[in-house]
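Numbering (the working numbering), first residue to last: 1 to 222.
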């Protein structure tokens, strides 16, 4: 699951640090791939703020493991891989299953922005309640150093309300290319690829609408 989906499915009212923890694994991976605490047991002796972040962090991992075993992910990511290839969105070095995985999760977040915008606004309100000292304390307790540019990235992420760009085809295209680049895969750069991507996104948005809503309903989300 991506940022907004984690928040929509598992957020807790009036627990901004927990909700920050829900999306922290995805946030920190932008600065340092495969980051993880080296001393997770150390959180038990930490202050309440750190424990809140850690509780959300752990729920993120549980939710991802569950999501990756449901048909919305297993069936649709395989189908989307084929759709990407048939749309001409393949190139040497591009791992299409990875691209399909990422795009599917981004499309679900796009769905949230379009159908539940107040929830997306609440997501940013919660992130804006988290302070840098609380974040630093979490990383200190983890036993693994905070990535050098994490705080800069996080502050830019919440100030720009970056995820609202998913509502635009161009924003989604740009975001997918950035993720491909971070994974050291070629980006989609031609006008033909851009136009094919836009058409694919609009078709998938309609195709996946009911299945995404059914997934939310299964999680008790209105």
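A virtual CB, placed ideally from N, CA and C, is assigned to each residue, including glycine.
Euclidean distance between Cα positions of residue i and residue j
i, j, result
"residue 196", "residue 184", "22 Å"
"residue 112", "residue 214", "13 Å"
"residue 48", "residue 194", "47 Å"
"residue 67", "residue 6", "10 Å"
"residue 129", "residue 16", "6 Å"
"residue 27", "residue 154", "7 Å"
"residue 189", "residue 92", "13 Å"
"residue 10", "residue 59", "8 Å"
"residue 175", "residue 169", "10 Å"
"residue 12", "residue 222", "15 Å"
"residue 206", "residue 151", "37 Å"
"residue 178", "residue 62", "26 Å"
"residue 87", "residue 204", "12 Å"
Neighbourhood of residue i by C-beta, 7 Å cutoff - its chain only, sequence neighbours within 5 removed
i, result
"residue 172", "106, 110, 166, 201"
"residue 96", "81, 84, 85, 90"
"residue 29", "35"
"residue 141", "42, 43, 46, 50"
"residue 136", "146"
Secondary structure of residue i, DSSP reduced to three states
i, result
"residue 82", "helix"
"residue 220", "coil"
"residue 155", "helix"
"residue 33", "coil"
"residue 74", "helix"
"residue 12", "coil"
"residue 1", "coil"
"residue 68", "coil"
"residue 116", "coil"
Beta-carbon contacts of residue i that lie in its chain and below 8 Å, excluding the five residues immediately before and after
i, result
"residue 76", "104, 208, 211"
"residue 149", "31"
Close beta carbons around residue i, own chain, < 6 Å, minus the five adjacent residues each side
i, result
"residue 180", "187"
"residue 38", "143, 144"
Pairing CB atoms from the stretch 14-24 with CB atoms from the stretch 52-64, are three or more of them under 8 Å?
-> Contact holds between the stretch 14-24 and the stretch 52-64, because three or more Cβ pairs, one in each stretch, are under 8 Å apart.
Identify every run of the beta strand (DSSP E) within the stretch 158-214, keeping only runs that are complete inside it and at least 3 residues long; order them along the chain.
-> Correct list: empty.
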